[in-house]
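All remarks here apply to the structure that follows.
In the numbering used here, the protein residues as written are 8 to 201.
Here it is in structure tokens:
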């Protein structure tokens with residue numbers, strides 16, 4: 008991780024030794040090199056009029072399906088995805104011990120934000136090389152998904168509402184009744200393969 012792009016915390020040698028490191032430099036190196044991000048997704052789809060998906064084992068991907076009717080086929084789709092880029096602020100036992108050893112310092116976590124999305128879609132396969140798709144996506148983010156850092160210095164990135172009900176970009180000012188940002192997206196596209 009480029010230390011010039013992130014305001015890394017400074018540690019004392021005593022803090023580093025309490026956390027199980029030889030000195031402050033070793034703890035800083037560990038902090039810079041060890042990140043725990045995670046995410047997953049699952050999706051399902053079904054061609055309604057007898058078409059079949061084709062899977063290319065050499066490219067490890069689905070290609071254009073065969074259509075079930077002469078006029079085409081309709082496909083319904085569902086996808087759920089989750090991504091967590093909040094390093095060091097989850098309730099994992101090792102990370103909690105690390106926080107305890109450093110006196111519960113808040114600046115050792117790296118809040119990159121977390122989000123989950125539900126996507127519902129329908130596709131009309133017009134031919135072997137053309138489809139029209141409409142997707143509806145429901146998105147939810149946590150208070151750290153602000154692209155402005157943990158201190159919320161970029162106020163134009165809203166992450167929730169404060170105690171007065173005003174929008175704020177500071178994740179630590181968000182009240183628990185209004186966490187994160189919720190939004191929905193409707194999108195459509197026409198795809199053609201050549």
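Every residue gets a Cβ at the ideal spot worked out from N, C-alpha and C, and that includes glycine.
Ordered along the chain, which non-local residues of its own chain (more than five positions away) have a Cβ less than 6 Å from that of residue i?
{"i": "residue 56", "result": "75, 76, 80"}
{"i": "residue 132", "result": "74, 79, 80, 138"}
{"i": "residue 192", "result": "144"}
{"i": "residue 124", "result": "88, 144, 146"}
{"i": "residue 180", "result": "169"}
{"i": "residue 4", "result": "Since the first and last residues shown for the chain are 8 and 201, residue 4 lies out of range."}
Can you list, in chain order, the residues of its chain whose CB lies under 7 Å from that of residue i, leaving out five sequence neighbours each side?
{"i": "residue 49", "result": "87"}
{"i": "residue 90", "result": "46, 121, 122"}
{"i": "residue 135", "result": "71"}
{"i": "residue 199", "result": "136, 137"}
Please check if any C-beta of chain C sits within less than 8 Å of the C-beta of residue i.
{"i": "residue 137", "result": "No chain C appears in the structure shown, which is made up of a single protein chain."}
Can you tell me the Cα-Cα spacing of residue i and residue j, whole angstroms?
{"i": "residue 168", "j": "residue 44", "result": "26 Å"}
{"i": "residue 26", "j": "residue 177", "result": "29 Å"}
{"i": "residue 170", "j": "residue 93", "result": "24 Å"}
{"i": "residue 128", "j": "residue 62", "result": "20 Å"}
{"i": "residue 172", "j": "residue 190", "result": "18 Å"}
{"i": "residue 51", "j": "residue 68", "result": "14 Å"}
Buried or exposed, going by whether 16 or more other CB atoms sit within 10 Å of the CB of residue i?
{"i": "residue 18", "result": "buried"}
{"i": "residue 119", "result": "buried"}
{"i": "residue 157", "result": "Bear in mind that the predicted position of residue 157 carries a pLDDT of just 48, short of 50, making it unreliable; the figure below should be weighed with that in mind. It is buried - the Cβ of residue 157 has at least 16 other Cβ atoms within 10 Å."}
{"i": "residue 38", "result": "buried"}
Identify, in the order they occur along the chain, each residue of the same chain with its Cβ nearer than 8 Å to the Cβ of residue i, setting aside the five sequence neighbours on each side.
{"i": "residue 24", "result": "30"}
{"i": "residue 60", "result": "52, 54, 69, 72"}
{"i": "residue 33", "result": "23"}
Which one of the options has the shortest CA to CA distance from residue i?
{"i": "residue 85", "options": "165, 58, 64, 126", "result": "126"}
{"i": "residue 83", "options": "152, 122, 141", "result": "141"}
{"i": "residue 72", "options": "200, 37, 58", "result": "58"}
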